[in-house]
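Written below as C-alpha coordinates is the structure these notes are about.
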Amino acid sequence: MSIAPALASLKVGSLFSFLSPVDQDLHDQVLEANLMLEKKGLTLLVIKSMGERALCYLYRASQLEAVLADEDNAAFLRENGYDDLSVSGALNTLRAHLEICPCFPHEIGLFLGYPLGDVIGFIRNKGKNCLLCGMWKSYTDKVAAQKLFDKFGKCTEVYKRMHALGRTLHQLTVSA
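Numbering (the working numbering), first residue to last: 274 to 449.
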(Lines of atoms letter the chains of each structure in order from A; the text may use other names.)
(Lines give C-alpha, C1' and ligand atoms only; values in the text may rest on other atoms or scores of the structure.)
Protein backbone atom coordinates (compact mmCIF):
# COMPACT_ATOMS: atom_id res chain seq x y z
CA MET A 274 0.00 0.00 0.00
CA SER A 275 1.08 3.49 -0.70
CA ILE A 276 2.17 5.93 2.01
CA ALA A 277 0.53 8.82 0.12
CA PRO A 278 -2.71 8.82 2.20
CA ALA A 279 -0.64 9.08 5.40
CA LEU A 280 1.49 11.87 3.91
CA ALA A 281 -1.72 13.67 2.93
CA SER A 282 -3.15 13.24 6.45
CA LEU A 283 -6.04 11.14 5.12
CA LYS A 284 -5.22 8.14 7.30
CA VAL A 285 -3.43 7.45 10.56
CA GLY A 286 -0.51 5.52 9.13
CA SER A 287 0.98 3.23 6.51
CA LEU A 288 3.38 0.31 6.46
CA PHE A 289 6.14 -0.14 3.93
CA SER A 290 9.16 -2.31 3.46
CA PHE A 291 12.53 -0.59 3.18
CA LEU A 292 15.80 -2.00 1.91
CA SER A 293 18.67 -0.05 3.38
CA PRO A 294 21.62 0.60 1.06
CA VAL A 295 24.70 -1.28 2.25
CA ASP A 296 26.72 1.91 2.68
CA GLN A 297 24.11 3.65 4.86
CA ASP A 298 22.99 2.87 8.39
CA LEU A 299 19.23 2.38 8.64
CA HIS A 300 19.14 4.05 12.05
CA ASP A 301 20.79 7.18 10.61
CA GLN A 302 18.38 7.24 7.67
CA VAL A 303 15.36 7.01 9.98
CA LEU A 304 16.72 9.81 12.19
CA GLU A 305 17.28 12.01 9.15
CA ALA A 306 13.79 11.31 7.80
CA ASN A 307 12.23 12.04 11.19
CA LEU A 308 13.93 15.44 11.38
CA MET A 309 11.94 16.48 8.32
CA LEU A 310 8.76 14.53 9.06
CA GLU A 311 8.28 15.68 12.66
CA LYS A 312 7.84 19.27 11.45
CA LYS A 313 4.81 18.02 9.55
CA GLY A 314 3.38 15.90 12.37
CA LEU A 315 4.61 12.52 11.13
CA THR A 316 6.90 9.92 12.62
CA LEU A 317 8.76 7.08 10.94
CA LEU A 318 9.36 4.00 13.05
CA VAL A 319 11.09 0.75 12.21
CA ILE A 320 8.70 -1.76 13.71
CA LYS A 321 10.54 -4.88 12.61
CA SER A 322 14.09 -5.38 11.35
CA MET A 323 14.99 -8.30 9.12
CA GLY A 324 18.67 -7.88 8.33
CA GLU A 325 19.07 -5.15 5.72
CA ARG A 326 15.30 -5.02 5.20
CA ALA A 327 13.01 -3.22 7.60
CA LEU A 328 9.27 -2.96 8.04
CA CYS A 329 8.52 0.71 8.63
CA TYR A 330 5.45 2.43 10.01
CA LEU A 331 4.80 6.02 9.01
CA TYR A 332 2.17 7.57 11.28
CA ARG A 333 0.64 10.71 12.71
CA ALA A 334 0.79 10.55 16.50
CA SER A 335 -2.21 12.88 16.87
CA GLN A 336 -4.37 10.58 14.76
CA LEU A 337 -3.02 7.45 16.44
CA GLU A 338 -3.85 8.95 19.86
CA ALA A 339 -7.45 9.36 18.70
CA VAL A 340 -7.59 5.75 17.47
CA LEU A 341 -6.19 4.49 20.78
CA ALA A 342 -8.52 6.71 22.82
CA ASP A 343 -11.64 5.40 21.10
CA GLU A 344 -13.49 3.32 23.71
CA ASP A 345 -14.24 0.36 21.43
CA ASN A 346 -10.74 0.31 19.92
CA ALA A 347 -9.20 0.49 23.41
CA ALA A 348 -11.32 -2.41 24.66
CA PHE A 349 -10.34 -4.51 21.64
CA LEU A 350 -6.67 -3.69 22.06
CA ARG A 351 -6.75 -4.48 25.78
CA GLU A 352 -8.30 -7.88 24.95
CA ASN A 353 -5.32 -8.43 22.66
CA GLY A 354 -2.60 -7.68 25.22
CA TYR A 355 -2.25 -3.91 25.01
CA ASP A 356 -1.95 -2.73 28.62
CA ASP A 357 -0.45 0.68 27.84
CA LEU A 358 -2.52 2.58 25.28
CA SER A 359 -0.22 5.58 25.01
CA VAL A 360 1.22 5.93 21.52
CA SER A 361 4.65 4.67 22.58
CA GLY A 362 3.20 1.90 24.75
CA ALA A 363 0.88 0.64 22.02
CA LEU A 364 3.65 0.74 19.43
CA ASN A 365 5.97 -1.20 21.75
CA THR A 366 3.29 -3.88 22.16
CA LEU A 367 2.69 -3.98 18.41
CA ARG A 368 6.43 -4.43 17.83
CA ALA A 369 6.50 -7.27 20.38
CA HIS A 370 3.51 -8.94 18.67
CA LEU A 371 5.25 -8.65 15.30
CA GLU A 372 8.32 -10.36 16.72
CA ILE A 373 6.39 -13.41 17.99
CA CYS A 374 3.73 -13.67 15.29
CA PRO A 375 4.74 -15.36 12.01
CA CYS A 376 2.21 -13.14 10.22
CA PHE A 377 0.74 -9.71 10.92
CA PRO A 378 -1.26 -9.51 14.14
CA HIS A 379 -4.83 -8.59 13.23
CA GLU A 380 -4.92 -5.51 15.43
CA ILE A 381 -2.42 -3.85 13.10
CA GLY A 382 -5.45 -2.81 11.07
CA LEU A 383 -6.35 -0.23 13.71
CA PHE A 384 -2.87 1.28 13.41
CA LEU A 385 -3.50 1.61 9.66
CA GLY A 386 -6.90 3.25 10.07
CA TYR A 387 -9.10 0.28 9.25
CA PRO A 388 -12.51 0.31 10.95
CA LEU A 389 -12.71 -1.88 14.05
CA GLY A 390 -15.72 -3.72 12.62
CA ASP A 391 -13.65 -4.76 9.62
CA VAL A 392 -10.77 -5.93 11.81
CA ILE A 393 -13.18 -8.01 13.92
CA GLY A 394 -14.99 -9.22 10.78
CA PHE A 395 -11.70 -10.40 9.29
CA ILE A 396 -10.88 -12.34 12.46
CA ARG A 397 -14.33 -13.93 12.79
CA ASN A 398 -14.51 -14.87 9.11
CA LYS A 399 -10.87 -15.94 8.87
CA GLY A 400 -10.40 -13.53 5.97
CA LYS A 401 -13.36 -14.90 3.97
CA ASN A 402 -16.88 -13.67 3.20
CA CYS A 403 -16.04 -9.96 3.02
CA LEU A 404 -18.45 -7.49 1.46
CA LEU A 405 -15.66 -5.72 -0.41
CA CYS A 406 -11.98 -6.39 -0.95
CA GLY A 407 -9.73 -3.44 -1.63
CA MET A 408 -7.00 -1.88 0.50
CA TRP A 409 -8.40 -4.08 3.26
CA LYS A 410 -11.32 -6.48 3.51
CA SER A 411 -14.52 -4.72 4.48
CA TYR A 412 -17.14 -6.58 6.49
CA THR A 413 -19.27 -3.72 7.78
CA ASP A 414 -19.98 -0.86 5.35
CA LYS A 415 -19.30 -1.59 1.71
CA VAL A 416 -20.26 1.91 0.52
CA ALA A 417 -18.07 3.74 3.06
CA ALA A 418 -15.16 1.37 2.38
CA GLN A 419 -15.43 1.91 -1.38
CA LYS A 420 -15.40 5.68 -0.88
CA LEU A 421 -12.21 5.39 1.19
CA PHE A 422 -10.59 3.02 -1.31
CA ASP A 423 -11.36 5.50 -4.10
CA LYS A 424 -10.12 8.46 -2.06
CA PHE A 425 -6.86 6.72 -1.12
CA GLY A 426 -6.37 5.49 -4.69
CA LYS A 427 -6.84 8.97 -6.15
CA CYS A 428 -4.47 10.41 -3.53
CA THR A 429 -1.84 7.83 -4.47
CA GLU A 430 -2.21 8.61 -8.18
CA VAL A 431 -1.83 12.35 -7.56
CA TYR A 432 1.19 11.84 -5.31
CA LYS A 433 2.90 9.55 -7.85
CA ARG A 434 2.32 12.13 -10.57
CA MET A 435 3.60 14.98 -8.40
CA HIS A 436 6.67 12.96 -7.36
CA ALA A 437 7.41 12.20 -11.01
CA LEU A 438 7.28 15.96 -11.66
CA GLY A 439 10.00 16.50 -9.05
CA ARG A 440 8.12 17.22 -5.83
CA THR A 441 10.10 16.18 -2.79
CA LEU A 442 8.84 14.15 0.15
CA HIS A 443 8.87 17.35 2.20
CA GLN A 444 6.73 19.16 -0.36
CA LEU A 445 4.26 16.27 -0.59
CA THR A 446 3.78 15.98 3.17
CA VAL A 447 0.78 17.83 4.60
CA SER A 448 1.24 19.52 7.95
CA ALA A 449 -1.21 18.46 10.60
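All residues carry an ideal CB built from backbone N, CA and C; glycine is no exception. Predicted model, so just to flag it, every value in this text is computed and none were measured.
Residue from the options whose Cα sits closest to the Cα of residue i
i	options	result
Asn353	Pro375, Ile393, Ser411	Ile393
Val360	Cys403, Thr316, Ser322, Ile396	Thr316
Thr446	Leu292, Lys410, Ala306, Val319	Ala306
Gly407	Gly362, Val303, Lys420	Lys420
Leu292	Ser322, Asp357, Lys401, Leu341	Ser322
Val416	Gly426, Leu405, Leu383	Leu405
Phe384	Asn398, Asp356, Leu364, Ile396	Leu364
With 16 other Cβ atoms within 10 Å as the buried cut-off, status of residue i
i	result
Asp391	buried
Val431	exposed
Ile320	buried
Lys410	buried
Thr441	exposed
Ile381	buried
Asn346	buried
Leu308	exposed
Secondary structure of residue i, DSSP reduced to three states
i	result
Cys374	coil
Ala281	coil
Gly394	helix
Lys424	helix
Met323	strand
Leu385	coil
Lys401	coil
Thr429	helix
Leu442	helix
Cβ shell of residue i (< 8 Å), same chain only, five flanking positions each side left out
i	result
Gly314	Ser282, Arg333, Ala334, Ser335, Ser448, Ala449
Ser290	Arg326, Ala327, Leu328, Cys329
Residues near residue i in its chain [Cβ-Cβ closer than 6 Å; skip 5 each side]
i	result
Leu337	Val285, Val360
Ala279	Gly286, Ser287, Leu331
Ser275	Thr429
Gly386	Lys284, Val285
Contact set for residue i: own chain, Cβ-Cβ below 7 Å, skip 5 residues either direction
i	result
Thr413	Pro388, Gly390, Asp391, Gly394
Val303	Leu317, Val319
Gly324	none
Met435	Leu445
My parser needs the beta strand (DSSP E) runs of 3 or more residues fully inside the segment 334–367; what are they? Listed in chain order, nothing qualifies, since the segment 334–367 has no complete beta strand (DSSP E) run of 3 or more residues.
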